[in-house]
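Under my numbering, the first residue of the sequence shown is numbered 2, with each subsequent residue one higher. Glycine included, C-beta positions come from ideal geometry on N, C-alpha and C. Have a look at the structure below, then the notes.
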Amino acid sequence: MTPPDALHCREFVELATSYQDGALPLPERSRVERHLALCPPCQTYLAQLQQTVRWLGQLTATAPLPPARQALRGLFRASQRGAV
């Protein structure tokens, strides 16, 4: 029998970022951890999320090349006119 507060995979996906960031209240965090202990697909999803966060943390900001900058400005101006 499934416990009444059991977490489903879809709900886990919605909570995964907050869990990763340590932003869940303790009762919700406990639900997530109970689910993770029994769900290999969600364990994989969390590992992929954590790896993505690590990779993104290594990126450095660079200015876009002039052609890209010009294209972005054009899109921004078009969106301001309601053309996009």
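Alpha-carbon to alpha-carbon, residue j and residue i
i, j, result
"residue 54", "residue 22", "10 Å"
"residue 70", "residue 58", "23 Å"
"residue 73", "residue 27", "43 Å"
"residue 40", "residue 68", "46 Å"
"residue 4", "residue 51", "28 Å"
Exposure of residue i, with buried meaning 16 or more beta-carbon neighbours within 10 Å
i, result
"residue 10", "exposed"
"residue 77", "exposed"
"residue 82", "exposed"
"residue 8", "buried"
"residue 48", "exposed"
"residue 62", "exposed"
"residue 17", "buried"
Beta-carbon proximity of residue i to residue j, cut-off 8 Å
i, j, result
"residue 20", "residue 30", "yes"
"residue 14", "residue 25", "no"
Of the listed residues the options, nearest to residue i (C-alpha basis)
i, options, result
"residue 37", "56, 12, 57 and 52", "12"
Proximity test, residue i beta-carbon vs the ligand NAP heavy atom, cut-off 7 Å
i, result
"residue 73", "Among the components of this structure there are no ligands whatsoever, and the ligand NAP is therefore not found."
If you scan the region 13–72 from start to end, which runs of the alpha helix (DSSP H) of 4 or more residues do you find wholly inside it? If we require 4 residues or more, the alpha helix (DSSP H) runs fully inside the region 13–72 come out as 27–39 and 41–58.
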